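In order, the protein sequence lines correspond to chains A and B.
Note that the working numbering numbers the first sequence so that position 441 is 462, with each residue one more than the last.
Note that the working numbering numbers the second sequence so that position 409 is 800, with each residue one more than the last.
See below for the structure under consideration.
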Amino acid sequence: MGLLVDRAFIDAATSAPALREMIRETLVEALFTRNDRVLPRDIVAVLARQPSITVKVRSDTDVQKLVRVANGQESTISLGLPAEDYHYARRQLSVTKDRDIGVYLRPAVLTTHPWIVPPQGGIEVDVRELSSIEVDGKGNRALVGVGARWKAVYDEAARAGRVPPFFPLVPLDYAMGDALYGDAIFQSYSGPFRRYLYGVRSFASHGRKARIGFEEVRDHGTGYDALGLLQNSFSEFVVPVAVAVAMAPRARMMKNWVYHFPDAAKLAGALAKLTSSARPVLYANVYDAAGWALVHPGAAGGPLVLELGVAGAPTLVAAREKALDALLAGFTAKSADTPSPYDADARAYARTSERILKHLFAGYLTAPAKSLPALLGMLQEAGVASGAKVALFGAARGTGTVSLAPAFETPREPAKFYSVSRRLWEIAQKLPGASCNSRLAHLWSQDRMYRARLVVLQRLKEDIDSARVVEPTVPL
Amino acid sequence: MHSHDFASLPKIALLQWKMIPDFVVVPKTVEEVSRLVEFAFEAGLPIIPRGGGSGLVGGAVPNRGGILVDMRRMDRIGAVDPERRLLTVQAGRAWKEIADFAAARGMFLPIAPLGAPASTLGGWFANGGVGIGSYKYGDARDIVTDMQVVLPSGEALRTADGTVDLSVAFGNLNPAFFGSEGTIGLIIEATLQLAPKPEALVPLTYSFKDLWSAREVPGTIAGSDLEPYNVAVMDPVHLAFMRTVRPETPDPQALVNVSLDGPKDEVAAAAAELDALLGGLGGKKLGEDVAKAQWDGRFDLYPARRITGGLVLTETEFPTPAYVEMLRRAARVARRLRMQVAVNSFLVDRNTVAVNPYFLMEEDSPLGPTALAFVKKFGDVAFALGGHPEGLGLFTAFNFPKMHKGATGIYEAVKTQLDPHRKVNPGKMTEVWTRYDLPIVNVIPPEIMGFGLDVAAFLRRLKPTSDRYVKIPGGPR
């Protein structure tokens, strides 16, 4: 998602040692808000570039051809375009011959912010039609195109008697590829998305198929964990076209239980007990009243809501319900008949997604569950300071942490993105054990070790993308 | 002692590799490791990190001499955070001790290697980190928040921000070191995210007449909505091997060992469900004493080495739906190579069965080492059925191009960028060096190595007699 490119660009732009500390923050802000009055002219010229062409691909072969055109192995004639489009493509791409022709993937849903350095000429690939979903009838896995929506995977799996064991942190209409090169966070109560990711079909910059990981089994003892290493930034190393992910059998009984809490202290206490109990749940979603109303319009909700997905044999689920009720003591009401947000029909789910996407998301905050009262207090302050109401979405993990995606009811303007991102970053610095992940957070991190790790990733990118095709780094 | 790992190898291998290190160093601090790496670079010597030496593919064995770094003295347990269930441990600590330490403080190490008493933290991570408990809790990489490593440059690096939820982290280098087999740096310490101690951990054992009768077990459990802690299917040949050295071992039969963990009420309900499930497949539930003995012996599966002095264990992963076909083909390969092989299996997740066949080998008999051909042939079965062999190291690195095909360059890039001068555990995993630093003979192409094992298989088939070390009731399989 351009994280490495952005970082390299900003590091290069602020490389003058005497000015580094003074101008870096100003430059980050100006880059983010595209304040051309502050930015040097050569940087403005770079940022003003647009993708030369946008190509809608329908198959893996289309993607391969594009990569091979970009790296010079094939001419544009191999694109098989109609004459008019062909001449257009040739003209557009030939304009960029003086620099790299990059291939760029754009996430289907991007909650936070597009990359700072936009596609520099080259080819923007529209992968929406790479949306095939093959759920394995014998095993518990699926092979899914990067353009397929998570919700479509969920529905297709249900038809095959399966369920994806990972859920979006915010109930948005993400595509599967968004977890590889966007800011979609999929996870379950018991594990991160990587646990359910078997392999990624992709094309490397030299135009060959590169299947990273495997498609039917895990990848233990097969060398470095390349899947884990590239996760979150796949499209800066290769061009992914499909993912192989784990599925779970649909349990004999699946329940969605909703607990309403009067305040953050009671919810934090309940989460601490839940995550110390070893009681298995599929998901443990957290909402405030505003977030709840966006996902379940019309359903009653308390100030804070915990939504648990529970699955298993009927005897086990019955035992678990009583135990969970006892563990979560402090709730003021419980609802056992609110449908799971994931079981809504596809159109309703998409409408919910659209409602939520009108808000501004600047990043994710993760903190120990016991910090929830302090965290919520700080988020309310951030909302007041930015003059916006805040709606909260989040989920707890069995590790004892809770991740929150605060949604600000304010226009999605770059200046707001910047100021809210900065506030979230500051909140994470104040809370022990907390972290902030946002488009900007990693630009602010000046930790020596973090910088050393990024240097390693940058070198890896240069090696893996030696043809300089996959979101090539932009020279200043 | 430092010139081999758990795998048995014929003496002839010494013609190919200089497996005896020039120096063995036992560092105690990260500064010592850094200085050592810098010194090795200056002296032009390869540096080979080593933990408990329980690997199977020569990952911790020199191939061209050099400095072997025995990490077992770096075994300190550092920061303990019971509230967040975080534990920081140095690389040389054995997993059994880490588990015991955590348990004594009310925490639970959710996964552990099969060789936990000897296997060290760094060694297991470098070999992929899958083991007992993976079915329910995932891999070791899922429970590591941060590591400290020494890179081939001598620089100490933290691989992640320990406060970060790794599912959303950017700039996290932890994954590079999982499965790295010590080829890109030395793991110094790691912070582990432990689980709450379960109220109950109950082992159960079910008996089946033979392995074929238990063939539906992995698929049935994986297709159910139960989530056991661990599932293992033990071959009657394994029990026969065990019985030779441990007379108290049950009679040869296929055993399905399942353990359940969690709150007491849920464990009891799951046990009842499991009884019905496996009973329906013809399994007979054995007594608690047998189940407990199986559980207690989970880290001690290979004492049969004493029968011949040589034992070869190979690890593979198969798709769960291919388990039945795997059994057929494993029997066919063993029959053709005239060998007696114990095919034990463990469910790693719903789609993945770790199949770990092992056999005895007479290293000193003329045709004894030809038994190594099984490793190649069974690995080929794994590829053919959608799985793969586990571990590359020195001895099975010939599988590397077959494993990753068009993506090999991505894996090679990790080595090239982190160790550009090929100083840390060089000539393994992505390539195989010989002991000779001369053109042409300095590396062994993967095809040649594979061909050598195919020749061994051919010789094996000419052998007039089969290797049979134990009798299995009901005749040969």
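Cβ atoms here follow ideal geometry from the backbone N, Cα and C, with glycine treated the same way.
These figures come from a predicted structure and were not determined experimentally.
Query                                                                                                                                                                                                       : Result
Exposed or buried, residue 450 of chain A, counting other C-beta atoms within 10 Å across all chains shown (16 or more means buried)?                                                                       : exposed
Classify residue 226 of chain A: buried if its beta carbon has 16 or more other beta carbons within 10 angstroms, exposed otherwise.                                                                        : buried
Apart from the five residues just before and just after residue 211 of chain A, which ones in its own chain have a Cβ nearer than 6 Å to its Cβ?                                                            : 419
Using a Cβ cut-off of 9 Å (strictly closer), state whether residue 83 of chain A contacts chain B.                                                                                                          : no
Would you say residue 274 of chain A touches the ligand GTP, meaning its beta carbon is less than 8 Å from a heavy atom?                                                                                    : By its list of ligands, the structure shown contains no ligand whatsoever, and the ligand GTP lies outside what it can speak to.
Is DSSP giving residue 685 of chain B helix, strand or coil here?                                                                                                                                           : helix
Taking just the CA atoms, how far does residue 850 of chain B sit from residue 264 of chain A?                                                                                                              : 43 Å
Who are the neighbours of residue 64 of chain A on chain B, taking C-beta pairs under 8 Å?                                                                                                                  : The contacting residues do not exist; residue 64 of chain A stays about 23 Å from chain B at best.
For my contact list, residue 930 of chain B and residue 708 of chain B are in at a C-beta cut-off of 8 Å; report their separation, rounded to the angstrom.                                                 : Residue 930 of chain B is absent from the structure shown; chain B starts at 392 and stops at 868.
Just checking my contact of residue 581 of chain B with residue 480 of chain B at CB under 8 Å: how many whole Å lie between their CB atoms?                                                                : 6 Å
From residue 623 of chain B to residue 737 of chain B, what does the alpha carbon distance come to, in whole angstroms?                                                                                     : 4 Å
Can you tell me where the alpha helix (DSSP H) holding residue 385 of chain A begins and where it ends?                                                                                                     : Not the alpha helix (DSSP H): residue 385 of chain A falls in the beta strand (DSSP E), residues 385-389.
Would you say residue 309 of chain A reaches chain B, if we count a Cβ-Cβ gap shorter than 9 Å as a contact?                                                                                                : no
How would you list, in chain order, the residues of chain B whose beta-carbon sits under 9 Å from the beta-carbon of residue 471 of chain A?                                                                : 549, 552 and 562
What three-state label does DSSP hand residue 706 of chain B in the structure shown?                                                                                                                        : coil
Alpha carbon to alpha carbon, how far is residue 171 of chain A from residue 205 of chain A?                                                                                                                : 10 Å
Under 8 Å: do the region 240-248 of chain A and the region 284-295 of chain A share three or more Cβ pairs, one atom per stretch?                                                                           : no
Quick check for students: name the residue ranges of the alpha helix (DSSP H) that lie wholly in the region 454-484 of chain A, counting only runs of 4 or more.                                            : 462-465
Tell me whether residue 768 of chain B is buried or exposed, calling it buried when 16 or more other Cβ atoms sit within 10 Å of its Cβ.                                                                    : buried
For the region 402-409 of chain B against the region 820-836 of chain B, do three or more pairs of beta-carbon atoms, one drawn from each stretch, fall closer than 8 Å, so that the two count as touching? : yes
With distances taken Cα to Cα, identify the nearest neighbour of residue 149 of chain A among A/165, A/36 and A/156.                                                                                        : A/165
What separation, rounded to the nearest whole angstrom, lies between the Cα atoms of residue 358 of chain A and residue 285 of chain A?                                                                     : 24 Å
Less than 7 Å between C-beta atoms, sequence neighbours within five positions excluded: which residues of the same chain meet that for residue 269 of chain A?                                              : 161, 183, 184 and 186
Chain A beta carbons: is any one of them nearer than 9 Å to that of residue 652 of chain B?                                                                                                                 : yes
Any C-beta of chain B sitting closer than 9 Å to the C-beta of residue 159 of chain A?                                                                                                                      : yes
Give the DSSP-derived three-state secondary structure of residue 394 of chain B in the structure shown.                                                                                                     : coil
Along the chain, where does the alpha helix (DSSP H) containing residue 177 of chain A start, and where does it finish?                                                                                     : 171-180
Any beta carbon from chain A within less than 9 Å of residue 812 of chain B's own beta carbon?                                                                                                              : no
Starting from the Cα of residue 288 of chain A, find the closest Cα among A/258, A/202, A/324 and A/311 and give me that residue.                                                                           : A/324
Ordered along the chain, which non-local residues of its own chain (more than five positions away) have a Cβ less than 8 Å from that of residue 803 of chain B?                                             : 821
For residue 543 of chain B versus residue 734 of chain B, is the C-beta spacing smaller than 9 Å?                                                                                                           : no
Spatial neighbours of residue 711 of chain B within its chain, please: C-beta separation below 6 Å, excluding the five flanking residues on both sides.                                                     : 609, 610, 613, 742 and 744
According to DSSP, simplified to helix, strand and coil, what is residue 601 of chain B?                                                                                                                    : coil
Of the choices A/317, A/181, A/254 and A/246, whose alpha-carbon is the least far from that of residue 279 of chain A?                                                                                      : A/317
Against chain B, with Cβ distances strictly below 9 Å, would residue 253 of chain A count as a contact?                                                                                                     : yes
Can you tell me where the beta strand (DSSP E) holding residue 125 of chain A begins and where it ends?                                                                                                     : 124-126
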